[in-house]
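Chemist:
2 protein chains.
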Amino acid sequence: MQPVNCVAIVSGGMDSVTLLHYLVKTLSKTPAVITFDYNQKHSVEIECAKYHTSSLNLQHLILDVKNITRDLFSSSALTNPEINVPHIDTVMGDPQPPTYVPNRNMIFLSLAAAYAETHNVNAIYYGAQIHDIYGYWDTTTEFVSAINSVMSLNRKNPIQIEAPFVSYSKSDILKIGMSIGVNYTQTWSCYNGDRINGACGTCPTCAERLYAFKNVGVTDPVLYRKAN
Amino acid sequence: MQPVNCVAIVSGGMDSVTLLHYLVKTLSKTPAVITFDYNQKHSVEIECAKYHTSSLNLQHLILDVKNITRDLFSSSALTNPEINVPHIDTVMGDPQPPTYVPNRNMIFLSLAAAYAETHNVNAIYYGAQIHDIYGYWDTTTEFVSAINSVMSLNRKNPIQIEAPFVSYSKSDILKIGMSIGVNYTQTWSCYNGDRINGACGTCPTCAERLYAFKNVGVTDPVLYRKAN
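Chains as they are written, first to last, in the working numbering: chain S, 1 to 228; chain E, 1001 to 1228.
(1) Can you tell me which of the three DSSP states S:D64 falls into?
(2) Between S:N215 and S:T35, what straight-line distance do the alpha-carbon atoms span, to the nearest angstrom?
(3) Going by the DSSP bridge assignment, what does S:D37 pair with across the sheet?
(4) From E:L1019, E:L1020, E:C1203, E:V1033, pick the residue whose C-alpha is nearest to that of E:A1116; which is it?
(5) Alpha carbon to alpha carbon, how far is E:N1080 from E:S1074?
(6) Quick check: S:S110 and S:A49, are their CB atoms within less than 9 Å of each other?
(7) Can you give the Cα-Cα distance for E:I1046 and E:S1016, rounded to whole angstroms?
(8) Between the C-alpha atoms of E:K1025 and E:T1139, what's the straight-line distance to the nearest angstrom?
(9) Closest Cβ-Cβ distance between E:A1128 and chain S: below 9 Å?
(10) Give the secondary structure of E:N1228 by DSSP, where H, G and I count as helix, E and B as strand, and everything else as coil.
(11) Would you call the CB atoms of S:K65 and S:W188 closer than 9 Å?
(12) Does the segment 84-93 of chain S come into contact with the segment 1144-1151 of chain E, if we say contact requires no fewer than three beta-carbon pairs (one atom in each stretch) closer than 8 Å?
(13) Counting C-beta neighbours from all protein chains within 10 Å, is the total for S:I196 16 or more, i.e. buried, or is it exposed?
(14) Indicate the three-state DSSP secondary structure (helix, strand or coil) for S:C6 in the structure shown.
(15) My assumption, with CB atoms under 8 Å, is that S:F159 sits in contact with S:T18. Please give the rounded CB distance.
(16) Are the C-beta atoms of S:L111 and some chain E residue less than 9 Å apart?
(17) Measuring only the C-alpha atoms, how far is S:Y126 from S:P164?
(18) Could I get the ranges of all uninterrupted alpha helix (DSSP H) runs contained in the segment 43-94 of chain S, with 4 residues as the minimum, in chain order?
(19) Given this structure, state the Cα-to-Cα distance separating S:I107 from S:A114, to the nearest angstrom.
(20) Among the residues of its own chain, which have a CB less than 6 Å from the CB of E:Y1224, if the five just before and after it don't count?
(21) At 7 Å on the CB atoms, spell out the chain E contacts of S:P102, in chain order.
(22) Hey, E:V1121 and E:V1004 are a contact pair by Cβ (cut 8 Å); roughly how many whole angstroms apart?
(23) Tell me which residues share the same chain as S:H52 and place their Cβ nearer than 6 Å to its Cβ, disregarding the 5 neighbours each side in the sequence.
(24) Scan the segment 49-75 of chain S for residues whose Cβ lies nearer than 9 Å to a Cβ of chain E and list them as they occur along the chain.
(25) Please classify E:Y1100: does DSSP put it in a helix, a strand, or coil?
(26) Could you check which residue in S:A212, S:T219, S:N192, S:F213 has the C-alpha nearest to that of S:C203?
(27) On a Cα-Cα basis, can you pick out the residue from S:N148, S:C190, S:V101, S:R155 that is closest to S:G135?
(28) Less than 9 Å between the C-beta atoms of S:M178 and S:V218, yes or no?
(29) Take S:N228 and list the residues in its own chain whose beta-carbon comes closer than 6 Å to its own, dropping the five residues that flank it on each side.
(30) With DSSP as the reference, please indicate the residues paired to S:Y125 in a beta bridge.
(31) State yes or no: is the beta carbon of E:M1106 nearer than 9 Å to at least one beta carbon in chain S?
(32) Using the three-state DSSP reduction, which class does E:P1221 fall into: helix, strand or coil?
(33) Using beta-carbon positions only, say whether S:H60 and S:C190 come within less than 9 Å of one another.
(34) Return the CA-CA distance between S:A112 and S:I124, expressed in angstroms with no decimal places.
(35) Express the C-alpha separation of E:A1207 and S:W137 in angstroms, rounding to a whole number.
(36) In the DSSP assignment, what are the bridge partners of E:A1116?
This is the structure:
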């Protein structure tokens, strides 16, 4: 195994999995992979993160933050069983829909930065991606830039946050992934997280994913609950 | 109990405890108090945080992040038993001494911000304080400003980080605390954390604390291991 030269935050969704393969195959990086277990309803994504990390022969740190984030993230439809994951139609144009997890990305990047500092690595990659139809403030170019402004103040070990796909659509990311042989069967997006019965096809991330596959002209290999 | 209208991060050291009393007694705030348990050698400080939070009749959330930060913070003399807490003389002029904990403050502020968002509070107070003789990048005006630039991007619940003591010396803080009746017996600073045998008197934070008390002309009421 090559020495680690960056950190990659990988959820197991199609963006971060594509990023991981892109780092290894296109940029010739050897990332330490960090995955967060945070009471997400779609925690089946972690199995997908494990699959790709293992298949690429990389080290994998799964950080279990369930206990500390149970209350902190309880206002999100992604974690709270009492809040239904919304249909895509209800979040169109919402700048911060119920699927937003309070400050999740800043928490995850901060923890990853501590890992990077302690392990003498100076770059963290994450799969932030532009959202055309609804939005999260913590997946934007402005967010990445502002976080880097914080990190740059570190006097000995400034960590650089890299989000190579931040201005790409999901279709762009899928095209990259197809060109480098990503196995999308082993990725999970649906916020409802029911891998046995299939992805719902109607939540915001399913809608985006299905649109990307349709746009690129490829059939999404994951199981869906209903015909889409 | 009044409704909570801000969050205060309180370690149990003299700066954050003074801040807590200042918030309640001077600014008439009702903070929810958050304390972090992160494998710090001086975890006795948590008992002091509990004392003041209880005496002020405030709600207290102690976030146990030991499991997730054990490895991440392992390069710091504050947490790693194999790294000795340095003598003040060895860190003079060091912009980031061994007592620095990798990205700790950004992690803690990020978690506190998630708490604030979920509980509909829009301000977080923390006891950052200028360091004259050695330094941490994450207790500076620049850091607070940069973190606020990140938080301001939040589209529905921007959280403001407030550090009212950021430009004060420890002497200034002590004077404020004395004027509002803070019981400094129930504060703990020494990084070595041995409350039974007493504070070491020579680590960076002991040195700063002792200097402040001497400067203000008050005897520090906590036990010290040796005459200072």
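The C-beta atom is built at its ideal place from N, Cα and C for all residues, glycine as well. Fair warning: this is a prediction, and the values are worked out from it, not measured in the lab.
Modeler: Looking at the coordinates:
(1) strand
(2) 29 Å
(3) S:D64
(4) E:V1033
(5) 5 Å
(6) no
(7) 11 Å
(8) 24 Å
(9) The beta-carbon of E:A1128 is placed no less than 9 Å from the nearest beta-carbon of chain S.
(10) Caution applies to E:N1228, whose pLDDT of 48 falls short of 50 and renders its modelled position unreliable; the value that the coordinates give is listed next. Looking at E:N1228 - three-state DSSP - the assignment turns out to be coil, as it is neither helix nor strand.
(11) Looking at the sequence itself, residue 65 of chain S is Val, so the reference to Lys does not match. Cβ distance not < 9 Å, so S:V65 and S:W188 don't count as in contact.
(12) no
(13) Taking every protein chain shown into account, the CB of S:I196 has fewer than 16 other CB atoms within 10 angstroms, so this residue is exposed.
(14) The answer is strand: DSSP assigns S:C6 an E or B state.
(15) The question names Phe, but residue 159 of chain S is Ile in the sequence shown. The Cβ separation is near 22 Å, so there is no contact.
(16) yes
(17) 8 Å
(18) DSSP runs (the alpha helix (DSSP H)) wholly in the segment 43-94 of chain S: 45-55, 66-69, 88-91.
(19) Answer to the nearest angstrom: the Cα atoms are 11 Å apart.
(20) G1198, A1199, G1201
(21) A1114, E1117, T1118
(22) 6 Å
(23) V17, L20
(24) L61, L63, D64, V65, N67, I68, T69, D71, L72, F73, S74, S75
(25) coil
(26) S:N192
(27) The candidate whose alpha carbon is nearest that of S:G135 is S:V101.
(28) Yes, they are a contact pair.
(29) Because the pLDDT at S:N228 is just 48, under 50, the model does not fix this residue reliably, and the point stays unresolved.
(30) S:A8, S:E162
(31) yes
(32) coil
(33) no
(34) For S:A112 and S:I124, the distance between alpha carbons rounds to 7 Å.
(35) 43 Å
(36) None; E:A1116 has no bridge partner.
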